[in-house]
Ligand code: GLN
């Protein structure tokens, strides 16, 4: 584990390196490594060097924040004014938004340096990043394996030291699962903790933006910088977190950790052993382990795929060839143009979900599927609320297995959906969760442990994750290549 952001902040602030020099090192490493890993789909080196220049001035004036001058990456579904934002879909080919997403606006003001936009599953729909129209990114830990998804490019860029940190989006696990597959940290904040303004919508009641970093402290720094209410996202809320970074050092003694056996059903044995060992470390340090039941967990996957697809089918209605990106070459009428544009522009997985979503919302099936899913969502929320009456956090695996080999899940969409079982319940309930590296499996691939908290209690899960990271043996380590300061 390396606290890359803190280390770089120190070096930038005491003048050991300038942001421009640092940015050039990152650019060089991207030029060398990205052709193999395919983590970035659009690089923004000119913008980066301009940003670094501004950051150096801020640093000189002594006005710089912790993230000032630090090179980073954004998932390709986060809007950047005048810079390609394509959701890795042909339908948004060449699309350059006219505004910045709230998160990028905030980071830019703080002097962040944008290296580029990262690879992802088309419209964030997937768990391997293989549905990207630019081809899959490769897992830096083992290039025969996927990065996970959908924020796979963000995870690969951070893991391979091609960015000091990155932002991803998490609708059903897309920050946490790729972080776990690549052996880094991923935080999904509470729904409403971070503005979604300028995040291209997938499932609006589930989507959240979160950081991918090498360490828990780095995740806390980035979360601190992007959180907060925004009038342009009516679901965002102001919450007084106090000093999150100071809170990292708290003791775990007396903390109540819930463990639900349902999360461990059918997961790989070596993974189970590592996570149980992680839980023991907390116990040894005075935390209380409480065995709990989460019977509604088995309903979470169908509920998620009904709600996410329903929302996606509505959100993706806007891509009609008139306003954005791709338009078909020849057509007879406006209907024909829309039909051909959408047929050519969307990939198979996106089409499948639009069809599923349209089906569950159609008048004959609405009650049987969508309405029922909404009712069961409430039941899942109730179960989580009851658990958090008794527990401070829950600990679970991030995914039921480590990174799949490339092209492994492509054949069966349902099999791929099943692999989201540990992450989707958290989005359904809108609660925060962090994935931290927790050893490796027998194949040497990283395992992720999820620490799940109450709404707006990021401070506790970050504190618990930090404690684990500081007090456990680092079995995953840092990738050898890329920028090493
Ligand atoms: N794998 C999940 C899906 O395919 C989650 C994706 C996400 O969080 N964006 O929907």
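In the UniProt record's numbering, the protein residues as written are 1 to 485. Just so you know, even glycine gets a beta-carbon here, dropped at the ideal spot from N, CA and C. Predicted, not measured: the structure shown is a model, and the values here were computed from it.
Under the Cβ criterion (8 Å, minimum of three pairs), the region 259-278 counts as touching the region 291-301.
Assigned with DSSP and collapsed to three states, residue 42 falls in strand. In terms of side-chain proximity, the C-beta atom of residue 124 is found nearer than 7 Å to a non-hydrogen atom of the ligand GLN.
Rounded to whole angstroms, the gap between the alpha carbons of residue 89 and residue 192 is 27 Å. Not one heavy atom of the ligand GLN falls within 7 Å of the beta-carbon of residue 240.
Ranked by Cα distance from residue 113, the options 84, 74 and 446 are led by 74. In this structure, residue 172 has its beta carbon less than 7 Å from a heavy atom of the ligand GLN. Contact check for residue 459 against residue 165 fails: the beta carbons are separated by 8 Å or more. Between the ligand GLN and residue 112, a heavy atom-to-CB distance of less than 7 Å is absent.
The C-beta of residue 226 has 16 or more other C-beta atoms within 10 Å across all chains shown, which makes the residue buried.
About 4 Å separates the CB atoms of residue 149 and residue 121; that is less than 8 Å, so the two are in contact.
By the C-beta density criterion, residue 373 is buried, having at least 16 other C-beta atoms within 10 angstroms. Within the region 442-479, the runs of beta strand (DSSP E) at least 3 residues long that lie entirely inside it are, in chain order, 446-452. Burial of residue 319 is indicated by the presence of at least 16 other C-beta atoms within 10 angstroms of its C-beta.
Residue 234 is classed as exposed because its beta carbon has fewer than 16 other beta carbons within 10 Å across all chains shown. Secondary structure note for residue 157: it is in no beta strand (DSSP E), and the uninterrupted alpha helix (DSSP H) holding it is 152-159. Secondary structure of residue 167 (DSSP, three-state): strand. About 7 Å separates the CB atoms of residue 68 and residue 12; that is less than 8 Å, so the two are in contact. Going by DSSP, residue 274 is part of the alpha helix (DSSP H) stretching over 269-284. 96 is the residue among 142, 96, 247 and 343 whose C-alpha sits nearest the C-alpha of residue 325.
Within the chosen limit of 7 Å, the ligand GLN does not reach the beta carbon of residue 191 with any heavy atom. In this structure, residue 312 keeps its C-beta atom at 8 Å or more from the C-beta atom of residue 278.
A heavy atom of the ligand GLN is found nearer than 7 Å to the CB of residue 150. Boundaries cannot be given for residue 146, as no beta strand (DSSP E) includes it and DSSP labels it neither H nor E. By the criterion of a C-beta distance shorter than 7 Å, residue 174 is surrounded in its chain by 124, 149, 150, 151 and 168, once the five residues flanking it on both sides are discounted. Annotation: residue 347 to residue 47 spans about 30 Å, alpha carbon to alpha carbon. Straight-line spacing of the CA atoms in residue 63 and residue 352 works out to 49 Å. Per DSSP, the unbroken beta strand (DSSP E) holding residue 439 starts and ends at 433-440.
Contact check between the region 375-395 and the region 451-458: three or more CB pairs, one atom from each, fall below 8 Å, which counts as touching. Per DSSP, the unbroken alpha helix (DSSP H) holding residue 11 starts and ends at 4-13. A direct Cα-Cα distance of roughly 13 Å separates residue 187 from residue 154. Taking C-beta atoms as the reference points, residue 199 and residue 78 count as a pair closer than 8 Å.
With a cut-off of 7 Å, the C-beta of residue 132 is classified as distant from the ligand GLN, since no heavy atom of the ligand falls inside that distance. Around the beta carbon of residue 41, a 10 Å sphere encloses 16 or more other beta carbons of the protein chains shown; the residue is thus reported as buried. Note that the region 467-476 does not touch the region 402-419; fewer than 3 beta-carbon pairs, one per stretch, sit closer than 8 Å.
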